[in-house]
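Protein chains in written order, with our numbering: chain A, -17 to 186; chain B, 89 to 368. Glycine included, each C-beta is placed from N, C-alpha and C at the ideal position. First the structure, in the form of structure tokens, and then the observations on it.
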């Protein structure tokens, strides 16, 4: 009996100790243990991807990517409205797998990256629409133009790992580049851009 | 940009400049064509009006644009107006220099203010000195070299320099800046035709200061906002090419034009070497 009491006390002590050291309590929800307390994460640019798709000459979809991604995510599962995302992409990190084309994309013909070095998304409100689905309303700044943008985001996972608290999100959205004043070569390259982002972040 | 829009963007400035020359130089009248002393301010006004029309047609009429290079829309008329005053006969040399200085300062403030003032609000004196001096020097140099070559060859040289700058900017990966240079070249094509009908070197010279300022601003924008590794020395080779035509070895004006075309061609060929066509 004493042994059972000792075991019970030891089990109770684990979450108490975790809370005391600042780690969030964890509950199991299926395969992914979810962190419940509001947690601030830094976006891990090395494990995150932002890929874009654009039509070339009405013939084929062309894919490019951005190589420098940073920002912060505040994830509050209990009070979703308190969640927040700030994502910054370096415009001059655009990578189309061709150096000459990268130079052209960064020039005033497209991103004008020296004048508008950052592409930014800042959420203004967050709603949870299911177990893993979130809806973020915010503003995207691209090419010096700021416009409202709504993102449907899937929380792929959020858990404690040997590397610390990690969380990952996926989102796909579409916008017209001409709405942001990017009107270069509209006859050759499509106006509609589809962005696919996989963002991994690490708890602070 | 589709070819039809590009064609309109080139034809419109040529037509606007042509209409101004037709009216101001009386190109419809035989008596006016026989008189070589055409009104000098018309060339500057034609370049300014045609440049603004072509630029607005190609890139939209954004009167308060967000992007620095789009302020070129205002550089054209500014160059046209101040260039027209500067081109008037009997203007004192100090006033002429003051007008050029005002024009260069205005153009720099319009298109390069974000570059000349750092984010901390400090003025970049070295850049200001270089970017201010180049158009002033070119305006003086070209005026001294081109006016003696006659109206038609002088206008032809201006057209050649502007077209070569457009090609260089294109090969440097700045299609829009190249198109803006092409707008100026279209207006200068109309000037060449007008000078052929009424060959007045003084009247042709009215276009020199506006062209020197506009071309310099286009190149500076390419340097500051572009990413291609093109050398400003290529523009120097183009801009200084008229010196090759000033050689005493050649007397015929057309032969001088040919001599000037050689360094210009070399500069364009060198720019083309860096042009990556694989992604077109």
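Quick one, are the C-beta atoms of residue 307 of chain B and residue 97 of chain B less than 9 Å apart?
Cβ atoms of residue 307 of chain B and residue 97 of chain B: not closer than 9 Å.
Hey, could you find the ends of the beta strand (DSSP E) residue 24 of chain A is sitting in?
Where residue 24 of chain A is concerned, the enclosing beta strand (DSSP E) stretches over 21 to 25.
Which residue comes first and which comes last in the beta strand (DSSP E) that contains residue 181 of chain A?
From DSSP, the beta strand (DSSP E) with residue 181 of chain A extends over 174 to 185.
DSSP puts residue 135 of chain A in a beta bridge; with which residues?
Paired residue(s): A:116 and A:153.
At what residue ranges does the stretch 44 to 89 of chain A contain a whole run of the alpha helix (DSSP H), taking only runs of 4 or more?
Taking only runs of at least 4 residues, the alpha helix (DSSP H) segments lying wholly in the stretch 44 to 89 of chain A are 81 to 88.
Hey, out of A:181, A:83 and A:41, whose CA is closest to residue 364 of chain B's CA?
When each option's Cα is compared against that of residue 364 of chain B, the closest is A:83.
Counting only C-beta atoms, is residue 315 of chain B closer than 9 Å to chain A at any point?
Output row for residue 315 of chain B: interface = yes.
If you measure from the beta carbon of residue 265 of chain B to each beta carbon in chain A, is any gap under 9 Å?
At least one chain A Cβ lies under 9 Å of residue 265 of chain B.
Is residue 194 of chain B near residue 163 of chain B, with beta carbons less than 9 Å apart?
A contact, by the Cβ cut-off of 9 Å.
Can you give me the C-alpha to C-alpha distance between residue 343 of chain B and residue 198 of chain B, rounded to a whole angstrom?
Distance between the alpha carbons of residue 343 of chain B and residue 198 of chain B: 39 Å.
Considering only DSSP beta bridges, list what residue 31 of chain A is partnered with.
For residue 31 of chain A, which the question treats as bridged, DSSP gives the partners A:180.
For residue 75 of chain A and residue 20 of chain A, what's the separation of their Cα atoms in angstroms?
Approximately 31 Å between the Cα atoms of the pair.
Which residues in chain B have a C-beta closer than 9 Å to the C-beta of residue 86 of chain A? List them in chain order.
Correct list: 261, 262, 263, 315, 316, 364 and 367.
Can you give me, in chain order, the residues of the stretch 337 to 354 of chain B that have a beta carbon less than 7 Å from any beta carbon in chain A?
Flagged: no residues at all.
Do residue 70 of chain A and residue 186 of chain A have their C-beta atoms within less than 9 Å of each other?
No; because the gap between Cβ atoms is not below 9 Å, this pair is not in contact.
Does the distance from the C-beta atom of residue 219 of chain B to that of residue 196 of chain B stay below 9 Å?
Yes. Within cutoff.
List the residues that DSSP assigns as beta-bridge partners of residue 124 of chain A.
Answer is A:127.
When DSSP labels each residue in this structure, what does residue 103 of chain A get in the three-state scheme?
Strand at residue 103 of chain A.
Could you give the DSSP three-state label for residue 200 of chain B: helix, strand or coil?
DSSP places residue 200 of chain B in coil when its eight states are reduced to three.
For a contact meaning CB atoms closer than 9 Å, what does residue 251 of chain B contact in chain A?
Ordered by position in chain A, no residue passes the 9 Å Cβ test against residue 251 of chain B, which lies about 20 Å from the chain.
Between residue 37 of chain A and the rest of its own chain, which residues show a CB-CB distance below 8 Å, the 5 nearest in sequence each way excluded?
Here the set comprises 43, 44, 171, 172 and 174.
Step through the CB atoms of chain B and report whether any lies within less than 9 Å of the CB of residue 102 of chain A.
Not closer than 9 Å to any Cβ of chain B, the Cβ of residue 102 of chain A fails to qualify, so no.
If we count the other Cβ atoms within 10 Å of its Cβ and call it buried at 16 or more, is residue 192 of chain B buried or exposed?
Residue 192 of chain B comes out buried.
Below 7 Å CB to CB, which residues in the same chain sit around residue 358 of chain B once its five sequence neighbours on both sides are set aside?
Around residue 358 of chain B: 322.
Say whether chain B places a C-beta atom closer than 9 Å to the C-beta of residue 115 of chain A.
No, no contact with chain B.
With DSSP as the reference, identify every bridge partner of residue 159 of chain B, one or two as the case may be.
In the DSSP output, where bridge partners are listed per residue, residue 159 of chain B has none listed.
Per DSSP, which one or two residues make a beta bridge with residue 110 of chain A?
A:116, per the DSSP bridge assignment.
Does any residue of chain A have a CB that is nearer than 9 Å to the CB of residue 142 of chain B?
Judged by the 9 Å Cβ criterion, residue 142 of chain B is not in contact with chain A.
Residue 360 of chain B: buried (16+ other C-beta within 10 angstroms of its C-beta) or exposed?
It is exposed - the Cβ of residue 360 of chain B has fewer than 16 other Cβ atoms within 10 Å.
Please classify residue 155 of chain B as buried or exposed, where buried requires at least 16 neighbouring CB atoms within 10 angstroms.
Buried: at least 16 other Cβ atoms inside 10 Å.
If we define contact as Cβ-Cβ less than 9 Å, is residue 201 of chain B a contact residue for chain A?
No, residue 201 of chain B lies away from the interface with chain A (no Cβ there is under 9 Å from its Cβ).
Does chain A have any CB closer than 9 Å to the CB of residue 154 of chain B?
It does: the Cβ of residue 154 of chain B has a partner Cβ on chain A nearer than 9 Å.
For residue 38 of chain A, which residues does DSSP report across the bridge?
Residue 38 of chain A pairs with A:42 and A:171.
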